[in-house]
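**Q** -3 is the number of the first residue of the sequence shown in my numbering; add one for each residue after it.
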Amino acid sequence: MPVLLDTHAFLWWIADSGRLSRRARRVIADETNEVVVSAASAWEIATKYRTGRLPDGAAVALDVVGHIAGQGFRELSISVTDAVRAGRFPGPHRDPFDRMLAAQALGGGLSLVSADAVFDRYGVDRLW
């Protein structure tokens, strides 16, 4: 099963955090699943680290690519089609990172590993 990690799920996986649900942990650890991390998450991590909202994230923020590769995850680029889909989503949710992840999950037939219920309103298959 192909799964896309929300940014917090990726960070919590790397940190071996107890905040990651048991189901999410099982899905990510299952080597038969293809685990994907979006360029949007790399952008979000770098932005939050730069602005001081991710103070404990230096190790990941300074080597996102290495952490993705080190876990055997696949990088997911952002396409123009993804951008258009994200921009057309209805509703007041303004977080561009969430909108992009939803667009990529829907466009790529990916289940999204996320604790954030905001994705449910976009019809995303969310695992938590």
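Where is the CB? At the ideal position from N, CA and C, for every residue including glycine.
From this set, Ile74, Val33, Arg84, which residue's C-alpha is nearest Ser110's C-alpha?
**A** Stepping through the sequence shown from its first residue, residue 110 is reached at position 114. Among Ile74, Val33, Arg84, the Cα nearest to that of Ser110 is on Val33.
**Q** Using only the heavy atoms of the ligand MN, determine whether one of them is closer than 8 Å to the beta carbon of Arg49.
**A** As for the ligand MN, it is missing from this structure, which has no ligand bound.
**Q** By Cβ distance below 7 Å, which residues in the same chain neighbour Asp116 in space, the five residues on each side in sequence not counted?
**A** As a working mapping, residue 116 is identified with position 120 in the sequence shown. The residues are Arg122.
**Q** Return the bridge partner residues of Ser17 from the DSSP annotation.
**A** Numbered from its first residue, the sequence shown carries residue 17 at position 21. For Ser17, which the question treats as bridged, DSSP gives no partner whatsoever.
**Q** Around the Cβ of Glu27, are there at least 16 other Cβ atoms within 10 angstroms (buried) or fewer (exposed)?
**A** Here the question's residue 27 lines up with position 31 in the sequence shown. With fewer than 16 Cβ atoms within 10 Å of its Cβ, Glu27 is classed as exposed.
**Q** Do Asp91 and Val114 have their beta-carbon atoms positioned less than 9 Å apart in this structure?
**A** Here residue 114 refers to the residue found at position 118 when the sequence shown is read from its first residue. Here residue 91 refers to the residue found at position 95 when the sequence shown is read from its first residue. Yes, these two residues count as a Cβ contact at 9 Å.
**Q** According to DSSP, is Leu108 part of a helix, a strand, or is it coil?
**A** Your numbering for residue 108 matches position 112 in the sequence shown. Reduced to three states, the DSSP call for Leu108 is strand.
**Q** Round the Cβ separation of Ile24 and Val56 to the nearest angstrom and send it over; I've been treating them as touching at under 8 Å.
**A** Counted from its first residue, the sequence shown places residue 24 at position 28. Counted from its first residue, the sequence shown places residue 56 at position 60. With 8 Å as the limit, Ile24 and Val56 do not qualify as a contact, their Cβ atoms being about 15 Å apart.
**Q** State the Cα-Cα distance for the pair Trp39 and Ser13, rounded to the nearest angstrom.
**A** As a working mapping, residue 39 is identified with position 43 in the sequence shown. As a working mapping, residue 13 is identified with position 17 in the sequence shown. Answer to the nearest angstrom: the Cα atoms are 21 Å apart.
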